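In our numbering, the protein residues as written are 8 to 102.
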């Protein structure tokens, strides 16, 4: 996901991270540097969400890379950093 799609999906990219963590293969998001300048660093939050879901995840300058897994660690903890979008994505990850 990159370019115009990333720019239009800024609020949805945390949910993309959760879904990518459970998908097969690699998901790459670019062109989303704006995520670092929101209520919290949502790139860091996306990586943390994916890792809690058991995936390999890496922050990049303007996005993130997630290598999905079918394995679920069962439980985890996310600091929502007072950002309701992070809390919502964590709730989806918990389902």
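Just so you know, even glycine gets a beta-carbon here, dropped at the ideal spot from N, CA and C.
Predicted model only: the values in this text are computed from it and were never measured.
Of all the options the options, which has the alpha carbon lying nearest to the alpha carbon of residue i?
| i | options | result |
| --- | --- | --- |
| residue 10 | 32, 21, 30 and 38 | 38 |
| residue 51 | 99, 85 and 15 | 85 |
| residue 99 | 27, 66 and 22 | 22 |
| residue 28 | 68, 101 and 56 | 56 |
| residue 33 | 77, 96, 87 and 94 | 77 |
| residue 35 | 60, 43 and 67 | 67 |
| residue 93 | 25, 15, 8 and 14 | 25 |
| residue 44 | 61, 62 and 70 | 70 |
| residue 53 | 79, 19 and 15 | 19 |
| residue 90 | 48, 12 and 83 | 48 |
| residue 96 | 60, 12, 14 and 30 | 60 |
| residue 88 | 72, 13 and 46 | 46 |
On the DSSP letters alone, give me the boundaries of the beta strand (DSSP E) that residue i sits inside.
| i | result |
| --- | --- |
| residue 34 | 33 to 36 |
Quick one: what does DSSP say residue i is sitting in, helix, strand or coil?
| i | result |
| --- | --- |
| residue 9 | coil |
| residue 41 | helix |
| residue 102 | coil |
| residue 30 | coil |
| residue 16 | coil |
Using C-beta distances below 7 Å, list every residue in its chain close to residue i, excluding the 5 sequence neighbours before and after it, in chain order.
| i | result |
| --- | --- |
| residue 41 | 17 |
| residue 58 | 64 |
Completely contained alpha helix (DSSP H) runs for the stretch 45 to 94, where each covers 4 or more residues
49 to 59, all fully within the stretch 45 to 94.
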